[in-house]
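Working notes for the structure below.
There are 2 protein chains.
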Amino acid sequence: MKWVYTFDAVDKAEADVGGSWEAVRGLLGGKGANLGDMHRIGVPVPPGFTITTQACNEYIKLDESFPNDLVDQIEAALRQVEEETGKKFGDADNPLLLSCRSGAKFSMPGMMDTVLNIGMNDDVAAGMLDHFDDDHFVYDSYRRLIQMFATVVMGAREEPFEDVLAEHRERQGVTDDSELGVEDLHEIVDQFKENVRKYTGRDFPSDPNDQLRMAIAAVFRSWNGKRANDYRNAANIPHDLGTGVNVQTMVFGNMSGDSATGVAMSRNATTGEPNLEGDFLFHAQGEDVVAGTRRTDRIEMLADKMPGVYSEFRDIAKLLEDHYRDMQDMEFTVEQGKLWLLQTRDGKRTAQAAVRIAVDMAEEGLITRDEALMRVQPDHVDFFLHPQFATESRHDAVRRGDMLATGLNVSPGAAVGRVAFDPDLAERWADEGKPVILARPETKPDDVHGMLAAEGVVTSRGGRTSHAALVARQFGKPAVVGVAEMHIDLGDRTLTVAGRVIREGDWLSLDGTNGQVFHGRLDTRVPDIDDPWLTKLLGWADEVRQIDVWANADYPQDAERARAYGARGIGLCRTEHMFFEPERLPIVQKMITAETRAEREEALEQLLPHQREDFAGLFRVMDGLPVIIRLIDPPLHEFLPSFDDLTSELADLKIQIRSAANLEDMNRILEAIDEKSHMRARVEAFREQNPMLGLRGVRLGIMRPSLTRMQVRAIFEAACAVSLEGIDVQPEIMIPLTSHVAELARQREVLEEEAMAVMAEQGITIDYKFGTMIEVPRAALTADQIAEYAEFVSFGTNDLTQMTYAISRDDAERGFLVDYLSNGILEDNPFFTIDRDGVGQLMEIALTKAKSRRPDIEAGICGEHGGEPRSIALFHELGLDYVSCSPFRVPIARLAAAQAAIETDSATAT
Amino acid sequence: MKWVYTFDAVDKAEADVGGSWEAVRGLLGGKGANLGDMHRIGVPVPPGFTITTQACNEYIKLDESFPNDLVDQIEAALRQVEEETGKKFGDADNPLLLSCRSGAKFSMPGMMDTVLNIGMNDDVAAGMLDHFDDDHFVYDSYRRLIQMFATVVMGAREEPFEDVLAEHRERQGVTDDSELGVEDLHEIVDQFKENVRKYTGRDFPSDPNDQLRMAIAAVFRSWNGKRANDYRNAANIPHDLGTGVNVQTMVFGNMSGDSATGVAMSRNATTGEPNLEGDFLFHAQGEDVVAGTRRTDRIEMLADKMPGVYSEFRDIAKLLEDHYRDMQDMEFTVEQGKLWLLQTRDGKRTAQAAVRIAVDMAEEGLITRDEALMRVQPDHVDFFLHPQFATESRHDAVRRGDMLATGLNVSPGAAVGRVAFDPDLAERWADEGKPVILARPETKPDDVHGMLAAEGVVTSRGGRTSHAALVARQFGKPAVVGVAEMHIDLGDRTLTVAGRVIREGDWLSLDGTNGQVFHGRLDTRVPDIDDPWLTKLLGWADEVRQIDVWANADYPQDAERARAYGARGIGLCRTEHMFFEPERLPIVQKMITAETRAEREEALEQLLPHQREDFAGLFRVMDGLPVIIRLIDPPLHEFLPSFDDLTSELADLKIQIRSAANLEDMNRILEAIDEKSHMRARVEAFREQNPMLGLRGVRLGIMRPSLTRMQVRAIFEAACAVSLEGIDVQPEIMIPLTSHVAELARQREVLEEEAMAVMAEQGITIDYKFGTMIEVPRAALTADQIAEYAEFVSFGTNDLTQMTYAISRDDAERGFLVDYLSNGILEDNPFFTIDRDGVGQLMEIALTKAKSRRPDIEAGICGEHGGEPRSIALFHELGLDYVSCSPFRVPIARLAAAQAAIETDSATAT
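Structure, rendered in structure tokens:
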């Protein structure tokens with residue numbers, strides 16, 4: 023059995039497992055396979071060898087003893103490494119030092135620490151002093167070996183070692199171990215050895231061969247350690263894979279003046295520019311570059327100082343990029359003029375860089391356009407749409423301790439402003455030119471003007487689909503909601519987090535991208551949506567995607583943005599949002615609480631011109647594209663004052679009356695009581711135990727046909743007028759919350775009658791479509807019947823999720839759903855990522871049935887899920903015509919839609 | 023073309039249409055076909071003929087003119103009738119008088135009135151006086167002909183004719199037309215003729231042939247009248263069938279002393295006894311028998327007076343019963359000693375008679391057992407289970423004007439008692455032996471002790487699935503809910519309907535069978551569930567039905583009743599109902615609002631013995647049969663005081679504090695405020711916007727595993743104890759409101775652990791099943807995943823309907839659903855009759871999926887629909903194992919299940 027492969031034997035390993043790279047990774051582990059791979063393509067890698075995962079499994083099977091000839095094979099490999107390096111393991115004059123690392127098929131961070139500097143002992147250390155010009159380094163390396171070995175391999179605790187170091191630091195009056203002198207290090211080495219004896223009952227092995235074998239055995243055992251087991255359980259990795267062990271020559275960038283060490287990216291990780299970017303230090307170790315204690319040089323400097331090494335490195339970077347077909351993040355060391363690559367991996371990058379690199383590489387021919395599209399995460403696109411905090415500024419704030427709390431990141435982007443606790447104040451300050459953050463326990467429709475005026479919104483309650491979240495996303499306002507640690511006292515006008523009190527007018531900074539809330543003003547910067555690479559990438563996305571992207575927009579300015587961001591239609595205009603505008607709300611309330619038909623008709627007549635104007639604006643912006651207008655949807659009580667508020671106001675008035683100063687005062691209070699009582703009675707009439715399952719959607723339209731008529735009239739008057747301006751108007755009228763086809767039949771009758779009347783009045787014919795939301799399970803189940811009347815359907819996945827799961831989205835996210843998610847009963851929040859098994863299945867049933875009756879039915883989705891990439895993948899699979907989402911999510915959806923198409927193609931291909 | 027068939031030509035008609043009776047009915051209309059049919063089997067029917075529906079269609083096609091030889095064919099048929107009767111149409115000496123009636127294929131009541139006495143004119147009337155000994159009758163018949171003819175055939179209004187009659191009545195000082203003398207009638211005939219001229223512009227046709235032709239044409243035209251069209255639209259009858267016209271000899275039971283007329287049933291319509299039952303009058307017309315103005319004789323008397331006629335009639339009754347295979351309701355006339363049958367039809371009967379007749383006929387071999395089962399309506403069975411108001415007593419009350427209002431008939435039976443407006447008073451009065459009717463605006467769990475104490479319950483609000491309705495049905499208490507006209511003032515202790523004020527303590531009578539509410543005490547009588555014919559019929563039902571019938575029962579006494587009524591298991595024991603008992607509720611509230619774990623555990627420990635005892639009682643009663651126990655289901659706030667009540671109580675206290683008499687008083691109030699505020703805060707924590715979609719069902723069990731553990735422990739401690747008594751215990755534990763399989767997996771873990779622990783403690787093993795409700799659409803859609811863990815599923819169709827339709831049953835029945843039903847958007851209340859297309863489809867999906875994973879899974883339904891016959895038919899089709907319903911609906915369900923099986927068989931056979 024072959025247990026050991028030197029790095030140059032990767033071809034042999036490949037042959038042994040039948041040629042599959044996957045199998046090589048299984049045999050050698052990911053790290054071992056890659057080290058061999060780099061060697062194979064000619065990258066200088068410090069020589070070494072990999073002990074197979076099979077050896078690990080065998081070791082476990084044999085009750086923790088090495089299989090038969092493993093030691094011999096290690097010996098042989100070691101001899102080969104000695105030959106290649108010209109150094110000798112355990113030789114004091116020219117010592118070969120080794121590192122020993124685990125490496126399983128799948129990356130398992132934290133499974134086991136690395137053991138470095140294996141091969142040192144008193145003799146070797148002494149001998150090394152002749153070659154290194156840095157005694158400190160030698161003894162520091164030695165004490166590190168002992169410390170690592172004792173804790174990682176021999177199972178000692180960390181503390182006794184740290185105690186020793188602390189004692190020496192104190193004695194010398196220094197704060198950092200690097201400041202300790204060689205004398206101290208000598209002593210420390212001795213004390214460490216004593217510690218090993220004391221806490222493990224054994225001596226630190228001075229024989230390098232013992233060190234190596236023990237390290238290897240420790241790696242084997244670590245496979246079954248608790249940390250590793252837990253990790254595998256969590257990551258769904260099989261327990262029988264075993265780990266490989268990589269034994270590799272140590273190289274030192276601090277061995278001499280012509281030694282150096284550094285890290286570099288093959289392209290600029292911030293901007294994506296196609297130039298090497300990195301830092302290095304002469305006569306230094308890798309950790310010195312990272313630690314920032316010494317001033318590093320930029321990688322270009324290497325060209326001056328060591329032009330040969332630089333040019334070799336540049337070539338290697340190119341080679342690795344070509345080989346791995348991605349931007350590489352490389353660690354290198356120059357040991358006495360000789361360049362070694364210690365590691366390469368795909369480089370992390372900013373959103374901006376991700377886009378540019380993907381596009382550049384596709385244009386260079388390194389990757390295909392499809393691959394470029396798959397390389398950019400939809401979240402990367404989001405970055406271009408919202409201001410972001412400058413990295414430095416954020417770091418500073420964290421360092422200062424100004425990060426207050428983290429809540430739900432419901433609407434991305436950075437916002438800075440003075441905190442205001444009520445929407446009117448927010449609006450006033452904004453009018454005065456002050457930037458404002460609106461902070462509320464939770465928001466209501468009444469607060470919308472304050473939200474619009476504010477830079478960002480933060481709430482202590484509410485979830486991903488709370489009012490605050492929905493409105494903020496709709497208007498692209500950064501928002502953080504459900505910050506549970508934050509207590510807002512509307513009486514005291516304060517916001518308290520862990521005892522820290524923020525007063526009204528203080529500065530707050532919100533990061534809606536990751537949910538962080540900061541005290542103070544952070545710097546922001548605004549990326550550019552017109553970034554040429556992003557534009558190009560999204561253009562490719564549009565060519566690839568099969569599902570169209572529309573937007574939810576209630577106002578002309580939303581529609582303008584949506585169009586600019588690439589939306590091909592309006593999938594949802596919520597007519598009731600227009601009702602919430604401050605100057606209209608009183609008319610709406612009058613319409614709702616009217617006690618005579620005449621009163622109601624009058625209010626409706628007052629609303630008509632407002633609605634007509636809104637619709638006309640939308641039609642103008644969307645010239646040539648479809649606009650779906652949904653008739654009024656929410657329960658009417660949402661437009662009225664809160665019952666609980668009225669109750670408590672009434673109670674207050676009744677107390678006041680006891681202390682009325684005089685008869686006049688008394689009369690005034692009595693009148694107020696009368697008025698409030700009256701309103702309270704009206705509001706009570708609209709109270710429902712379960713408003714989500716109550717009088718809303720089409721039910722309103724059926725109970726109040728005059729409301730439907732007014733809305734239809736407004737739509738058609740607007741459409742006729744705008745059409746006469748020469749604009750191509752494509753209205754689609756959508757009925758919400760249908761549960762039975764009869765509802766649709768009735769509404770269509772009313773609608774057709776009113777539409778015909780308006781068109782006759784205006785002397786012009788408008789082509790329009792009639793359709794419905796599918797947001798009630800029954801509508802999905804009877805979509806064949808519904809398709810008889812509906813020329814289009816649009817899935818309202820928020821409600822559909824709510825009904826299918828029987829979870830109220832008003833309540834659940836501060837209730838049990840949070841627990842369900844945190845304790846793993848549900849993997850995903852179904853209001854965020856569509857529930858494939860339940861809601862997805864209903865959608866599939868609905869589509870199949872609807873198409874059986876009307877094969878060309880237009881079908882889309884306009885719930886919150888329309889802008890969520892994983893959900894978009896399902897909608898693509900279901901064959902929907904479009905997703906409709908917030909304008910700010912349109913570019914993201916375009917990319918996600920393309921990715922879904924590419925993934926389906928590749929799944930079909932294999 | 024043959025347009026006219028005499029009654030003796032029914033065989034020819036049958037031959038002409040190819041032998042199908044269905045086609046004969048199509049050609050001659052139902053009435054015409056039946057007259058021919060009676061004639062054919064030898065029943066003496068006054069001679070006559072039928073003009074075909076084709077003639078009608080042709081008449082319409084020819085723009086309202088008779089087809090070619092129709093008049094000739096009528097003439098010929100008339101001649102035949104004259105021959106058979108020996109009378110002559112239009113002959114003053116021996117006149118043949120005719121009736122003319124419409125008769126379409128399907129009965130269309132109200133399509134057209136009958137025209138009687140055709141053939142009269144001045145001469146004929148004069149001639150008839152020689153033969154009749156009753157001048158009054160002759161002229162009354164004549165004026166009736168003119169009046170009918172004018173209004174029905176010639177299109178005059180009714181009023182001018184009524185005015186004439188009124189004037190004569192006034193002149194003579196009488197109140198009834200029958201009291202008018204011959205002189206008056208002479209005058210009236212003339213005035214009527216004048217009216218015809220005046221209001222139709224034409225003379226009343228004195229030529230009998232004109233009369234006949236005009237009457238026939240009028241019948242033809244009536245087919246396209248508005249009333250007929252509307253009726254066909256409503257009843258889904260095609261518009262192109264046309265109507266037949268039946269022209270028949272008039273016979274007179276008042277022609278002489280040996281003439282008589284009467285009505286009779288072939289069996290007793292009240293008791294079902296197999297004896298002729300009926301009334302007759304000598305020298306009388308049919309209407310005299312019905313009007314009740316003369317004292318009628320019982321049909322047996324005929325045997326003495328006209329033994330030949332009686333014996334002939336008895337034979338005919340038997341012949342007709344055998345022919346039509348059902349109890350017959352017959353009209354007969356004896357004209358000068360000769361018996362004529364004017365009509366026969368299946369007789370209406372009481373519930374008791376329906377059962378007995380069906381069983382008797384099956385035992386006589388007249389019908390099959392299956393037919394007997396199909397003859398009895400499930401509602402008929404209901405009759406045997408509840409007291410009913412005596413018919414006389416009800417009529418008297420209506421006559422007195424004591425019927426107050428009609429509400430929803432949610433729980434059948436009659437109840438009489440003194441009205442009480444709160445449950446405590448109801449209980450106290452009941453304890454004192456007074457019968458009580460509990461009247462409340464609506465009921466809550468707190469009211470249950472009062473409902474149990476009362477004879478019946480009436481509420482002004484609430485729908486078919488309101489708390490009051492559910493509890494009343496569960497306990498078999500007659501109940502009427504949602505009596506909107508009824509205003510209950512809990513302050514004044516009054517109940518007002520249309521200004522009529524009923525005070526606490528006044529007598530009320532409720533009819534839960536039809537929803538009527540009476541003021542005063544009506545007499546009741548109790549039918550007998552042990553009726554031998556019913557017992558036999560239900561026994562047959564059990565042999566035929568394929569779906570089992572179980573019962574919902576929370577208490578041992580429910581289970582006893584269920585078993586007595588034939589339930590084969592308990593399909594639903596709602597454990598939380600036990601929590602509402604007055605002595606337990608405080609412990610439950612402590613458990614819910616506990617602020618420490620210790621407090622909560624203590625409360626749970628106090629509840630444990632109560633639950634154990636309940637379960638033990640159930641197991642004992644159900645020895646050998648399965649008992650499904652559902653773990654706690656409702657939102658916890660249902661066990662707590664109402665938030666609104668607490669708010670208003672707090673407001674009152676705050677007002678009181680202003681008028682505190684002294685410091686002590688003040689302190690007392692302040693303490694009360696503290697306590698209430700505290701409770702209000704706790705209750706607020708449980709408040710949800712949409713509790714139906716909130717923290718309830720399995721979600722409670724997951725958030726509070728100690729509650730699940732307590733319940734499981736109680737079940738298994740009870741099961742072990744009862745099993746040791748030698749009783750066969752078959753517990754099944756059911757998890758409510760599952761929406762995701764992971765919930766089930768978690769609960770099963772907790773359950774198994776606790777169950778194992780108890781069984782180990784008791785040293786005995788109990789076989790049990792683990793399962794879940796399917797009441798959330800997602801559970802239905804993922805039933806395959808759920809079946810992995812569930813050994814049984816039970817459809818909770820109330821919730822499933824609620825979620826599938828997105829209709830809150832708490833709100834809908836006083837909201838839009840009422841409108842939807844009354845204006846025909848929905849045909850059926852989906853909370854009453856299962857929604858086949860939506861909910862039914864989900865159930866089918868669920869069953870298919872569940873069986874794909876676990877083919878032998880036990881599946882039933884335990885919603886309100888389980889006792890509703892049309893819903894049971896669907897459940898049978900779906901192949902459920904059982905329906906579980908209120909004990910009081912078990913016998914009904916047994917019959918409905920049998921009917922479903924028979925209908926499926928017959929559908930399969932054809």
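Keeping their order, the protein sequence lines are chains P and H. Every letter in the first sequence is one number past the one before it in the working numbering, and letter 531, counting from 1, is 553. Every letter in the second sequence is one number past the one before it in the working numbering, and letter 829, counting from 1, is 851. Even glycine gets a Cβ: it sits at the ideal position worked out from N, Cα and C.
Residue 851 of chain P and residue 764 of chain H have their alpha carbons spaced roughly 14 Å apart.
Shown here for residue 120 of chain H: same chain residues with a beta carbon closer than 6 Å to its own, the five before and five after excluded, namely 140, 141, 269 in chain order.
With 16 or more other Cβ atoms inside 10 Å of its own Cβ, residue 291 of chain H counts as buried.
A direct Cα-to-Cα measurement between residue 815 of chain P and residue 829 of chain H gives close to 21 Å. For the pair residue 233 of chain H and residue 218 of chain H, the Cα-to-Cα distance works out to about 14 Å. When only Cα atoms are considered, residue 747 of chain H and residue 642 of chain H end up about 9 Å apart. In this structure, the beta-carbon distance from residue 25 of chain P to residue 74 of chain P falls below 7 Å. Contacts between residue 887 of chain P and chain H, judged by CB atoms closer than 9 Å, are missing: the closest CB pair is about 16 Å apart.
For residue 765 of chain H, the chain P residues whose Cβ falls inside 7 Å of its Cβ are 847, in order along the chain. Counting of Cβ neighbours within 10 angstroms places residue 778 of chain H among the exposed residues, the total staying below 16. Taking 8 Å as the Cβ-Cβ cut-off, the region 714–728 of chain P approaches chain H at 714, 715, 716, 717, 721, 724, 725, given in chain order. Distances from the alpha-carbon of residue 532 of chain P to those of P:624, P:424, P:373, P:334 put P:424 closest. Chain H places a beta carbon closer than 7 Å to that of residue 799 of chain P, counting this residue as a contact.
Excluding sequence positions up to five before and after residue 397 of chain P, its CB lies within less than 6 Å of the CB of 380, all in the same chain and listed in chain order.
In the DSSP assignment, the residues bridged to residue 70 of chain H are H:270. Residue 648 of chain P sits in a strand when the DSSP states are folded into three classes.
With contacts defined as CB atoms closer than 7 Å, residue 586 of chain H and residue 744 of chain H fail to qualify as a contacting pair. Taken through DSSP and simplified to helix, strand or coil, residue 814 of chain H comes out as strand.
Annotation: residue 873 of chain H has no Cβ neighbours in chain P at a cutoff of 9 Å; minimum Cβ distance is about 17 Å.
Between residue 572 of chain P and residue 590 of chain P, the C-beta spacing is below 7 Å. DSSP lists P:120 as the beta-bridge partner residues of residue 140 of chain P.
When secondary structure is reduced to three states using DSSP, residue 431 of chain H falls in the strand class. Restricting attention to alpha helix (DSSP H) runs no shorter than 4 residues, the region 409–490 of chain H encloses them at 413–422, 445–453, 470–475, ordered along the chain. Fully enclosed beta strand (DSSP E) runs of no fewer than 3 residues occupy 648–652 of the region 621–666 of chain P, in order along the chain.
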